[in-house]
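2 protein chains.
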Amino acid sequence: MSKAPHLTFDLHEYGVSRGHLVVPGGADRGELSLPVFSLNRGEGPRLLVTGGNHGNELEGPIVARRIIDWLAEAQTCGRVIVLPVLNPLAVQAWSRNTPLDGLNLNRVFPGRADGSVTERIADAVSRVLLPMADTVFDLHSFGPTWHFPPAATTHPIADLDLMARTVRMAEAFNLPLTLVWQHNDTAGMFDITAQNEGKVFVCTEFGGGTVGADNLAIYEAGVRNALMALGLVDGKAECPTFRQQKSTQTLETRPSDELKSPAPGIFEPRCSVLDEVKQGDLVGVLHPMDSLSTESIDIRAPGPSIVLGIRSGAHVDVNEAVALVARPLKL
Amino acid sequence: MSKAPHLTFDLHEYGVSRGHLVVPGGADRGELSLPVFSLNRGEGPRLLVTGGNHGNELEGPIVARRIIDWLAEAQTCGRVIVLPVLNPLAVQAWSRNTPLDGLNLNRVFPGRADGSVTERIADAVSRVLLPMADTVFDLHSFGPTWHFPPAATTHPIADLDLMARTVRMAEAFNLPLTLVWQHNDTAGMFDITAQNEGKVFVCTEFGGGTVGADNLAIYEAGVRNALMALGLVDGKAECPTFRQQKSTQTLETRPSDELKSPAPGIFEPRCSVLDEVKQGDLVGVLHPMDSLSTESIDIRAPGPSIVLGIRSGAHVDVNEAVALVARPLKL
């Protein structure tokens with residue numbers, strides 16, 4: 001029978017360690033070895049940084065690699081564990097879900113030791129790495145068919161003290177957007193598992209679309225700011241420039257803030273992320289594909305709000321989300 | 001047996017017509033009806049505009065729809081036919097190729113009447129629409145895992161007079177980049193079929209990545225400029241702003257200008273499209289995924305050149321293209 005998930009090195013060793021998190025094999029495939037970096041500088045905060053949860057969101061793995069190089073020189077105390085690629089099978093396929101079992105890693109936490117490979121990855125992370133951290137940063141990108149501003153996000157948390165600490169941690173990234181995101185599809189998410197154990201968990205949603213040199217600089221600055229705020233590194237936070245502006249805001253969004261497509265067709269965005277819109281402003285246009293005699297359909301803002309995310313020109317079905325709007329957070 | 005491909009309306013009718021290009025059914029599926037717009041204002045240039053050749057490049061269909069609305073007011077002479085979506089099956093799947101037969105529409109021209117659905121689309125376009133035009137604009141976007149500047153492109157053409165006229169037409173888009181692109185995988189491309197019939201064919205590569213409101217404005221301005229240069233519409237060309245600059249340049253690139261990945265891993269772009277690089281400048285970094293003890297590998301410019309396209313953070317295999325560079329065109 002398969003062994004238990006384990007690390008190939010001792011996390012308690014002082015200084016830099018590099019090795020692997022071994023995810024045991026199962027009926028569907030043999031064992032997986034996920035590269036892990038650890039830097040132990042003794043007493044202080046205990047942080048876990050993960051990327052590559054979804055395989056078509058590659059800012060996270062790249063920023064994680066950059067942070068590893070920087071930490072080796074900059075970290076002054078505490079312990080940081082970095083796992084740049086949670087799901088190498090999905091990354092190799094540039095796919096949100098794992099091709100082998102079709103599962104979304106971020107919906108199967110805390111995982112199952114006797115499950116399929118995606119569930120075994122979640123189980124290994126939950127059992128071996130999560131107990132070693134008080135704070136978790138999971139680096140996402142919102143996927144390739146949306147525009148989304150650089151953001152540090154959390155879902156609402158029932159424990160109000162943990163909620164307040166999580167929002168403060170998210171704001172410390174100093175990114176253009178801090179977001180409290182209420183949605184109905186949170187079962188099995190990594191953050192829910194971590195929060196149930198009392199940990200501060202921030203999910204960064206770094207842009208959507210594709211990885212570019214300009215955006216990577218913003219993402220890395222955000223993670224560095226958060227590491228400084230935790231006290232792991234000395235330094236002064238910077239405020240990255242996004243769309244020619246240096247600004248930050250804290251917003252909230254709910255399921256009712258999703259704008260849906262009124263028909264199947266090609267969605268044309270008519271505004272950009274972080275644009276302020278008034279009731280009736282044009283957000284996008286839906287072009288039916290079956291006839292050029294059918295009028296295109298305007299999609300307008302239902303009320304004063306800020307455009308949070310917008311579909312980047314995909315073909316959509318009727319009732320599929322094409323934009324998300326948000327409002328200033330009231331805690 | 002199936003009928004011949006045909007239009008549901010008479011292209012010679014004066015004024016605006018809207019209808020369909022009917023692609024006959026075959027063994028794999030029934031007939032397809034592709035929406036077509038036509039505006040006949042009598043004597044003058046005869047232009048065909050197509051989009052949606054590749055299903056995950058949706059700037060083309062959107063810009064085509066915008067141009068239709070504009071032409072109805074602005075066109076003063078000649079005939080314009082617009083087919084916003086060449087391959088609706090690929091567009092619905094947000095897929096480069098047609099899911100049903102796995103074929104790339106832009107590699108099966110001039111098509112086959114008794115072939116699979118992708119070949120039948122090419123056949124219908126080649127036989128019914130292409131003979132009606134002297135000039136063709138096919139609106140692409142370079143696909144979602146590359147950054148690419150707004151560009152009007154052609155391949156080298158053996159007929160030097162047609163080549164000169166094609167480059168002049170491409171330059172009339174007034175986009176940041178006009179490109180003569182030599183590559184070895186041109187068999188079955190739409191432009192080769194059109195050029196063999198003596199037509200001026202310009203392929204626009206509008207950005208790569210995802211559709212945004214800012215980029216769509218650039219794309220639409222480019223197509224409007226070209227329609228004005230043809231004399232179909234009155235007006236003065238504008239020079240769109242891209243990356244905070246208003247500039248245009250004409251470049252050429254060859255297969256030897258492709259930079260390849262030295263190993264499998266995640267590619268990190270370190271420069272942006274249209275950046276000028278000197279020999280040895282860092283273009284990107286390749287991060288192997290199997291170990292954090294393996295050094296990341298720098299990918300550097302082989303000589304002085306301009307970055308034409310760059311992979312936007314995908315996982316790549318060894319020897320896969322990660323960047324394209326170019327040099328000023330010498331005709």
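Protein chains in written order, with our numbering: chain U, 1 to 331; chain W, 1 to 331. Note that the Cβ used here is the ideal one computed from N, Cα and C, for glycine as well.
Out of the options, which one is the CA nearest neighbour of residue i?
i: I67(U); options: K260(U), L39(U), P262(U) and L179(U); result: L39(U)
i: P61(U); options: A321(W), E320(W), I266(W) and L7(W); result: I266(W)
i: L86(W); options: E220(W), H315(W), I121(W) and D290(W); result: I121(W)
i: G42(U); options: P328(U), V307(U), G231(U) and V49(U); result: G231(U)
i: G30(W); options: E57(W), V22(W) and A217(W); result: V22(W)
i: R270(W); options: A217(U), N184(U) and S291(U); result: A217(U)
i: A314(U); options: K330(U), S116(U) and G284(U); result: G284(U)
i: P255(U); options: Q182(U), K236(U), A72(U) and V108(U); result: Q182(U)
i: T253(U); options: M228(U), S293(U), T153(U) and E57(U); result: T153(U)
i: L329(U); options: G198(U), Q249(U) and G44(U); result: Q249(U)
i: E268(W); options: P24(W), V322(W) and N97(W); result: V322(W)
i: A263(W); options: Q244(W), S291(W) and V277(W); result: S291(W)
i: A229(U); options: E119(U), G44(U) and L34(U); result: G44(U)
i: L89(U); options: A213(U), C239(U) and S33(U); result: S33(U)
Rounded to whole angstroms, what's the CA-CA distance from residue i to residue j? Just pull it up for me.
i: R46(W); j: A226(W); result: 13 Å
i: V167(U); j: T193(U); result: 17 Å
i: G19(U); j: D234(U); result: 27 Å
i: P342(W); j: F201(W); result: Because residue 342(W) is not part of the residues shown, which for chain W are 1 to 331, the question remains open.
i: R164(U); j: V136(W); result: The sequence shown places Ala at residue 164(U), rather than the Arg named in the question. Rounded to the nearest angstrom, the two C-alpha atoms are 59 Å apart.
i: G188(W); j: N106(W); result: 6 Å
i: S305(U); j: E320(U); result: 20 Å
i: A221(W); j: A64(W); result: 12 Å
i: A151(W); j: V223(W); result: 11 Å
i: D317(U); j: L160(W); result: 47 Å
i: L324(U); j: G26(W); result: 42 Å
i: Y14(W); j: C77(W); result: 11 Å
i: V307(U); j: T178(U); result: 13 Å
i: D114(U); j: H6(U); result: 15 Å
i: I157(W); j: N184(W); result: 13 Å
i: V36(U); j: P99(W); result: 38 Å
i: G51(U); j: S296(W); result: 17 Å
i: F142(U); j: D257(W); result: 32 Å
i: P24(W); j: V49(U); result: 55 Å
i: V108(U); j: I310(U); result: 27 Å
i: A72(W); j: L11(W); result: 15 Å
i: Q244(U); j: H155(W); result: 36 Å
i: L259(U); j: E238(W); result: 34 Å
Going by other Cβ atoms of all chains shown within 10 Å of its Cβ, with 16 needed for buried, is residue i buried or exposed?
i: E171(W); result: buried
i: V211(W); result: buried
i: A326(W); result: buried
i: N196(W); result: exposed
i: G102(U); result: exposed
i: D191(W); result: buried
i: E57(U); result: buried
i: D298(W); result: exposed
i: M1(W); result: Because M1(W) carries a pLDDT of 45, less than 50, the predicted location of this residue cannot be relied on, and the following value inherits that uncertainty. With fewer than 16 Cβ atoms within 10 Å of its Cβ, M1(W) is classed as exposed.
i: L4(W); result: Leu is not the amino acid found at residue 4(W); the sequence shown has Ala there. By the 10 Å Cβ count, A4(W) comes out exposed.
i: D214(U); result: exposed
Throw me the rounded Cβ distance for the residue i and residue j pair, which I believe falls under 8 Å.
i: M289(U); j: V91(W); result: 7 Å
i: H54(U); j: H140(U); result: 6 Å
i: L162(U); j: L129(U); result: Actually they do not touch by this definition, with Cβ atoms about 20 Å apart.
i: V117(W); j: D28(W); result: 5 Å
i: T204(W); j: F173(W); result: 7 Å
i: P149(U); j: V277(U); result: With 8 Å as the limit, P149(U) and V277(U) do not qualify as a contact, their Cβ atoms being about 15 Å apart.
i: R96(U); j: N104(U); result: 7 Å
CB-CB under 8 Å to residue i, same chain, minus the five flanking residues each way: which ones, in chain order?
i: D281(W); result: C271, R300 and A301
Beta-carbon within less than 7 Å of residue i's beta-carbon, same chain only, minus the 5 sequence neighbours each way: which residues are those?
i: S247(W); result: P176
i: Q75(U); result: L39, R41, L232 and V233
i: K199(U); result: A133, D134, T135 and V136
i: T145(U); result: R311, S312 and A314
i: T294(U); result: P288
i: Q279(U); result: A301, P302, G303 and P304
i: R94(W); result: According to the sequence shown, residue 94(W) is Trp rather than Arg. These residues qualify, in order along the chain: G55 and N56.
Below 7 Å, is the gap between the Cβ of residue i and the nearest heavy atom of the ligand ADP?
i: V283(W); result: Although the ligand ADP was asked about, the structure shown includes no ligands whatsoever.
Identify, in the order they occur along the chain, each residue of the same chain with its Cβ nearer than 6 Å to the Cβ of residue i, setting aside the five sequence neighbours on each side.
i: E59(U); result: S141, F206, V211 and Y219
i: S17(W); result: F9 and S38
i: M169(U); result: V200 and V202
i: D275(W); result: V307
If we cut at 8 Å on Cβ distances, does residue i have a partner in chain C?
i: D290(U); result: The displayed structure is made up of protein chains U and W, and chain C is not among them.
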